[in-house]
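Peer 1:
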Amino acid sequence: MGLLFETSPVEWLTMAIILFTSVWYYFKSEYSFWKKKGVRFISPVIPFGNIKDMILLRKATGEMLKVLYDEFPEEPFVGTYELTKPMLIIRDPELIKRVTVKDFSYFQDRGVPVNEELEPLGSHLLNLTGKKWRTLRSKLTPTFTSGKIKMMFHLMIECAEQLKDYLEKPAQNGEILEMKEAVAKYSTNVIGLCAFGLQFNAINESDSEFRRIGRRVFETSVIAAELRMLQSAYPSAMKIFPMKIVPDEVNKHVIRTVKEVMEYREKNNVSRNDFMQLLIELKNKGRVHDDEPVKSEDKLDRTSHKETETNVDFTETLLASQAFIFFLAGFETSSTTLSFCLHELALNPEVQERLREEIDSTLEKYEGKITYDAIHSMSYLDKVVDGLRFGLLQTKVGLTFLLSKFKFSVCEKTEVPLKLDPKAVITAVTTGIWLRINKRSDS
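The opening position of the sequence shown corresponds to residue 2 in the numbering used here, with each subsequent residue numbered one higher.
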């Protein structure tokens, strides 16, 4: 201690210069990666790399990536840095296709490790890597065929009917509503029926348990947002400083729910056309019946890498993890897509009216019923929301029901442009999506 106080100003200055120089050389070395590769890159800022506005919570992830994406519009790809971690942003569509399809076996891992002991619901396809990921993906792929999704279509219709009834009164009075919360109730009910085979009653009950669970998972603080970015940039640090993403309450509730549903169905010989039944089939038979022919690229993926697969024990926790990610992916992304879509349609009434006309004419052909084929036949709807996989189909069903009965318009609380929340895990707005809803005069 005495030596510390006896250190002269010159020695302090020398140590400071050495420390500063060491840090400077460290960052210079780290930030030379793309230059050595001959890749055009965006000049990084010490110590943020190219995500300073994200770290300081000035921009949401999507906004930050858009800025970086637009930096070199003539380049097929551009090098950036997430703190000191090199990150390549690919712009060329053909190169994107090559990475995600042809050469996918080299890029299958997402780079975010999971501590399965700390996060029991983290063992899902989004997080797993290597042989375990490949085996589980191969087993689960048949659960998401169009045939399997079509079997769940009537459940989406049931939930959309509930949403329509819920909005009748406020529409009659021309009220202003926060649409993200309204459609999140619908999405929660859809996932409840299609994933768990349960009525969550999120539309009619403000204190619905699973609606509360959904909010709990996506609640985030400034500290959590910063830790999430550090986790992404330095995944190995998770082994030293483990970070729990999903609260214990959520873990216990989901695992208990899945266990109870499975036990009840097996004990009482109950079978339903939903995702939970497919998980039970996977647990008992080790596979899910594939009702569609395998595409050539999928066949290559399933056969040429069989030697990389491993035995997987389909425990209740592992199966609960798949139901959990189904819940998260289907609930938050679908409600965000639908609410953003309604916002755009309110800002562009001519597009809203053209889509409504297509819906009306299609329903006439199908005797007023919204069927799977009716949704599939609407070409303009496909321009508004593209795709027919589960989440997008759920969005299309909700949108079709809403526009067949109601009109949406901007009001004094409508934010233009929408301000994105920089803390959010999935794209979200800071103040909600407020629109005026009216009942159609001709309905």
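All residues carry an ideal CB built from backbone N, CA and C; glycine is no exception.
(1) In whole angstroms, what separates the C-alpha of THR62 from that of LYS165?
(2) Using the three-state DSSP reduction, which class does MET244 fall into: helix, strand or coil?
(3) Out of LEU404, VAL191, GLY39, which has the shortest C-alpha to C-alpha gap to LEU156?
(4) If I'm right that GLU333 touches PHE154 with Cβ under 8 Å, what's the distance once you round it to whole angstroms?
(5) Using beta-carbon positions only, say whether THR478 and VAL386 come within less than 9 Å of one another.
(6) Closest by CA to VAL68, which one among ILE52, ILE56, VAL255, LEU58?
(7) Could you have a look at THR338 and say whether DSSP puts it in helix, strand or coil?
(8) For HIS344, collect the residues of the same chain with a Cβ closer than 8 Å to its Cβ; drop the 5 residues on either side in sequence, then sort them by chain order.
(9) Rounded to whole angstroms, what is the Cα-Cα separation between ILE158 and VAL398?
(10) Let me check understanding here. Comparing Cα to Cα, which of THR85, VAL102, GLU75 lies closest to ASP93?
(11) Buried or exposed: where does GLN173 fall if 16 or more other Cβ atoms within 10 Å of its Cβ makes it buried?
(12) With H, G and I counted as helix, E and B as strand and the rest as coil, what does DSSP make of LYS408?
(13) For the pair the region 35 to 46 and the region 79 to 92, tell me if three or more CB-CB distances fall below 8 Å.
(14) Mapping the DSSP letters down to three states, classify GLU64 as helix, strand or coil.
(15) Contact between the region 129 to 147 and the region 354 to 369: three or more CB pairs below 8 Å?
(16) When the Cα of LYS361 is compared with those of GLU64, VAL271, ARG441, which residue comes out closest?
(17) With 16 as the cutoff for other CB atoms within 10 Å, does THR15 come out buried or exposed?
(18) Out of curiosity, what's the CA-to-CA distance linking GLY369 and PHE402?
(19) Scan the region 154 to 207 and note each continuous beta strand (DSSP E) run of 3 residues or more that stays entirely inside, going in chain order.
(20) If you compare alpha carbons, which of LEU129, GLN163, VAL411, ALA330 is closest to PHE108?
(21) Does the separation of the CB atoms of VAL426 and PHE328 fall below 9 Å?
(22) State the Cα-Cα distance for the pair VAL262 and LEU89, rounded to the nearest angstrom.
Peer 2: Checking against the coordinates, here is how it stands:
(1) Indexing the sequence shown from 1 puts residue 62 at position 61. Indexing the sequence shown from 1 puts residue 165 at position 164. Using only the alpha carbons, I get a separation of about 33 Å.
(2) Here residue 244 refers to the residue found at position 243 of the sequence shown. In this structure, MET244 counts as coil in the three-state DSSP scheme.
(3) In the sequence shown, residue 156 corresponds to position 155, counting from 1. Nearest option by C-alpha distance: VAL191.
(4) Numbered from 1 along the sequence shown, position 332 holds the residue referred to as residue 333. Numbered from 1 along the sequence shown, position 153 holds the residue referred to as residue 154. Actually they do not touch by this definition, with Cβ atoms about 21 Å apart.
(5) Past the boundaries of the shown model lies residue 478; the chain is included only from 2 to 444, so the question cannot be answered.
(6) Here the question's residue 68 lines up with position 67 in the sequence shown. Of the listed residues, the one whose Cα sits closest to VAL68 is ILE52.
(7) As a working note, residue 338 is residue 337 in the sequence shown. THR338: helix per DSSP, three-state reduction.
(8) Translated into the one-based positions of the sequence shown, residue 344 becomes position 343. Within the same chain, and ignoring the five residues on either side of HIS344 in sequence, the residues whose Cβ sits closer than 8 Å to its Cβ are MET180, THR415, LEU419, ILE434, LEU436.
(9) Here residue 158 refers to the residue found at position 157 of the sequence shown. Here residue 398 refers to the residue found at position 397 of the sequence shown. Each residue's Cα considered, the two are about 7 Å apart.
(10) As a first step, residue 93 is located in the sequence shown; it is residue number 92 there, counting from the start. The candidate whose alpha carbon is nearest that of ASP93 is GLU75.
(11) Your numbering for residue 173 matches position 172 in the sequence shown. Looking at its Cβ environment, which holds fewer than 16 other Cβ atoms inside 10 Å, GLN173 is exposed.
(12) By 1-based counting over the sequence shown, the position of residue 408 is 407. Three-state DSSP puts LYS408 in a strand.
(13) The answer is yes - the region 79 to 92 touches the region 35 to 46, with three or more Cβ pairs under 8 Å.
(14) What you label residue 64 is simply residue 63 of the sequence shown in a count that begins at 1. Note: GLU64 maps to helix in three-state DSSP.
(15) no
(16) Numbered from its first residue, the sequence shown carries residue 361 at position 360. Just to set this straight, residue 361 is Asp in the shown sequence, not Lys. Checked all of GLU64, VAL271, ARG441; the closest Cα to ASP361 is ARG441.
(17) Position 14 of the sequence shown, counted from the start, is the residue given in the question as residue 15. Under this definition THR15 is an exposed residue.
(18) As a working note, residue 369 is residue 368 in the sequence shown. As a working note, residue 402 is residue 401 in the sequence shown. The straight-line gap from Cα to Cα measures roughly 11 Å.
(19) 177 to 179
(20) Counted from its first residue, the sequence shown places residue 108 at position 107. For the residues LEU129, GLN163, VAL411, ALA330, the minimum Cα distance to PHE108 belongs to LEU129.
(21) Start at 1 with the first residue of the sequence shown, and residue 426 comes out as number 425. Start at 1 with the first residue of the sequence shown, and residue 328 comes out as number 327. Going by C-beta atoms, VAL426 is not nearer than 9 Å to PHE328.
(22) Counting from one through the sequence shown, the residue named residue 262 turns up at place 261. Counting from one through the sequence shown, the residue named residue 89 turns up at place 88. The alpha-carbon atoms of VAL262 and LEU89 are separated by roughly 43 Å.
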